[in-house]
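Student: Following this message is one structure expressed as structure tokens.
Residue numbers (UniProt numbering): 1 to 86.
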């Protein structure tokens, strides 16, 4: 289910938002990383994704030494994904 959702989101980014390949690759990587983290929290579907899980993931990125600009981009990627998914 998550894989299919990511494929549809990629199509949305490519066709509707007309984003560059680099941006699409970055956003998909960010969302994939979010779902890897979420799976560790027991979240197995897009519907189960919570604000707490997103904040936990972003905090873990910061604690791992992620650059502010990278974390900001990841937050934007999540925001656009969740807006699209709802």
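Even for Gly, the Cβ is constructed at its ideal location relative to N, Cα and C.
Between the Cα of residue 59 and those of 46, 47, 75, spot the shortest distance and give me the residue it belongs to.
Tutor: Here the question's residue 59 lines up with position 59 in the chain shown. For residue 59, the nearest C-alpha among the options comes from 75.
Student: Have a look at residue 30 and residue 77 and give me their C-alpha separation to the nearest angstrom.
Tutor: Position 30 of the chain shown, counted from the start, is the residue given in the question as residue 30. Position 77 of the chain shown, counted from the start, is the residue given in the question as residue 77. Distance between the alpha carbons of residue 30 and residue 77: 7 angstroms.
Student: When you compare each of 65, 61, 37 to residue 53 by their alpha carbons, which one comes out closest?
Tutor: In the chain shown, the residue the question calls residue 53 occupies position 53. Among 65, 61, 37, the Cα nearest to that of residue 53 is on 37.
Student: Helix, strand or coil for residue 7 per DSSP?
Tutor: If you number the chain shown from 1, residue 7 lands on position 7. Of the three classes helix, strand and coil, the one that applies to residue 7 here is helix, per DSSP.
Student: Using beta-carbon positions only, say whether residue 56 and residue 2 come within less than 9 angstroms of one another.
Tutor: Indexing the chain shown from 1 puts residue 56 at position 56. Indexing the chain shown from 1 puts residue 2 at position 2. Contact flag unset, no.
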